[in-house]
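The opening residue of the sequence shown carries number 187 in my numbering; numbering runs sequentially from there. Each residue gets a CB set at the ideal place from its N, CA and C atoms; glycine is no exception. Everything below concerns the one structure shown next.
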Amino acid sequence: MRTNRRGFLRATGSACLIGAVGNADAAPDTNTTRGRWSQFCRNSRNTGYAPEVDAPTSNVGTRWEFRTEGSVESSPVVANGVVFVGSDDGRLDALDATDGSKQWSFDTGSEIHSAPAVDDGTVFVIAQDTSVYALDAANGAEQWSVQFSDTGTTRVSSVTVSDGVLYVGVSGSGTYALDGTDGSRRWGRESVQARPLPTPTVADGIVYVGTGDYELRGLDADGGDEVWSFETGANAESAPAVDDGTAYFGSLDRKVYGVDTATGTEQWSFETDYWVTASPAVTASTVYAGSRDGSVYALRRDVGTERWSFDTDAERRNRRRTLGAAFGTGHRVFARGGRRLGLRRNYRRVRLRTVRGARVRRSESRVVVGVDGSRSRRATRRDRIHDQAIPRRRHPARWMIVYDSIRTDEGAAPDGPMG
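Written as structure tokens, this is what we have:
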């Protein structure tokens, strides 16, 4: 049933919601290690779930902040104690996850809106001019670069890495597979790209791609040939989360789908009140999805029926930003709606700071957030961290913020189990 909780619980600042959940009985992801969130939605399956790590719940504090020269719209990733993040200043920065000190910076010459990916000592990133870079994760030295188009800035997806191969979507072109060692093209598949471009999902030899012609497509990871396609009622802009034979994704037809990965047939669908453009998070028993109707939904993974839903109280004009699952552990849900970033743990809720654009990433006890400093002007007295919001005199500086832990007040629990 639907739960509407008006008014955010008091904490140390305002924030957007980004969703994530954990479940103690779920099997850990064998493709990741503790404290790693090395690519978009954590892994090539885009499950957005970290069962073996714990999220902060008390004594909120800002561990460190890092200033960039452009808006931070790229999702940070974390690997081996280093945070990698791009920004509109065209730089990919590598920051020490403990204190935020810069280890190195690489200038691509074009804005970076997509999440980087780290694999086997190399960090891969694609800039808005469609250039893909492979950099030494230790020092930022360029190993190789390729460019898909020289016609200027365009839309690109984040990079997905699986078994040494890069998969990326480029607007007006299609989906490509590149060799991770030298950037050579293995294959390319033309398609009508959705807006925005969903990041490819790779699992069990299949590449899953949402399109702008009302389809989710399963492509052979080795050659790019179409294995099957599933027709939706509108653009499929959500990057699927794939686990145990089912692909979970959303569409502009307002539905969340569960599709059989072997045959491309529908297992179930669940209808929300507006578009579903965010990538869901998947645990052993539950699919968590955000809708632009302003709500986060917990759905039974096997049949797609609703366990519970949560209204983020996003203002009508901001409900288009409501995103679902990003990561989680220990029965904690992170979700994003409107301008607020929130955390729920055992039905508790947190307000952090006004943020813009990027997903949350976490490693060990830290939550890593991309922040556009130009939004700091919206902070109020009650929306502060330790009674000090980002000073206006720093506008238009941009920041990376790491929250060490989060203090919450108790809130009413929605009906139904969490995980």
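Near residue i, which residues of its chain fall below 7 angstroms by C-beta distance, leaving aside the five closest residues on each side in sequence?
i	result
Asn421	Ala380, Gly398, Tyr400, Ser437, Leu438
Gln289	Val268, Ala280, Leu281, Asp282
Between the alpha carbons of residue i and residue j, how many angstroms are there, rounded?
i	j	result
Ser296	Tyr460	33 angstroms
Asp274	Arg403	31 angstroms
Asp365	Glu492	41 angstroms
Asn325	Asp349	23 angstroms
Thr367	Gly272	22 angstroms
Gly256	Ser343	19 angstroms
Asn266	Arg222	7 angstroms
Pro237	Gly480	26 angstroms
Val428	Ser357	23 angstroms
Gly276	Ser465	25 angstroms
Gln314	Gly355	12 angstroms
Arg478	Asp446	25 angstroms
Ala389	Val395	12 angstroms
Leu352	Pro384	15 angstroms
Gly247	Asp408	46 angstroms
Tyr253	Arg341	As written in the sequence, residue 253 is Arg, which differs from the Tyr given in the question. The alpha-carbon atoms of Arg253 and Arg341 are separated by roughly 25 angstroms.
Asp215	Gln225	Annotation note: pLDDT 42 at Asp215 (below 50); position unreliable, coordinate value reported separately. Their Cα atoms are separated by approximately 14 angstroms.
Gly450	Val482	26 angstroms
Thr294	Ser261	17 angstroms
Thr498	Gly476	10 angstroms
Val471	Thr463	Residue identity differs from the one stated: residue 471 is Ser in this sequence, not Val. Using only the alpha carbons, I get a separation of about 22 angstroms.
Glu251	Val258	13 angstroms
Pro426	Tyr235	13 angstroms
Gly391	Trp494	34 angstroms
Gly369	Phe496	43 angstroms
Val393	Ile298	24 angstroms
Ala323	Arg249	23 angstroms
Please name the residue or residues paired with residue i in a DSSP beta bridge.
i	result
Asp429	Thr432
Gln615	An answer regarding residue 615 cannot be provided, because it is not within the stretch 187 to 605 covered by the chain.
Arg277	Asp293
Val258	DSSP lists no partner for Val258.
Glu376	Gly360
Asp306	DSSP output for Asp306 lists no bridge partner at all.
Val311	Tyr319
Leu402	Gly396, Phe416
Trp454	Gly444
Arg478	In the DSSP output, where bridge partners are listed per residue, Arg478 has none listed.
Which same chain residues end up closer than 6 angstroms to residue i when comparing Cβ atoms and leaving out the 5 residues on each side of it in sequence?
i	result
Gly410	Trp373, Arg375
Gln333	Thr316, Ser317
Phe270	Val263, Ala280, Pro302, Val309
Tyr406	For the record, residue 406 in the displayed sequence is Asp; it is not Tyr. Correct list, in chain order: Val413.
Ser415	Glu401, Arg403
Gly419	Asp439
Under three-state DSSP, which class holds residue i?
i	result
Gly409	coil
Tyr483	strand
Thr248	strand
Ser495	strand
Gly286	coil
Val269	strand
Asp365	strand
Gly350	coil
Tyr235	coil
Asp446	strand
Phe226	coil
Ala470	coil
Thr463	coil
Val345	coil
Gly391	coil
Val489	coil
Ala327	coil
Ala422	coil
Ser300	coil
Exposed or buried, which one is residue i when buried takes at least 16 other CB atoms within 10 Å?
i	result
Thr346	buried
Ala448	exposed
Glu417	exposed
Ser424	buried
Arg371	exposed
Arg231	buried
Lys441	buried
Arg228	buried
Glu457	exposed
Ser300	buried
Tyr430	In the sequence on display, residue 430 carries Asp and not Tyr. So Asp430 counts as exposed.
Asp305	buried
Under 8 angstroms Cβ to Cβ from residue i, same chain only, skipping five residues before and after it: list those, please.
i	result
Gly444	Thr432, Ala433, Tyr434, Glu452, Gln453, Trp454, Ser455, Val473, Arg487, Gly490
Leu321	Leu278, Phe292, Thr308, Val309, Phe310, Val311, Ala327, Glu328, Gln329
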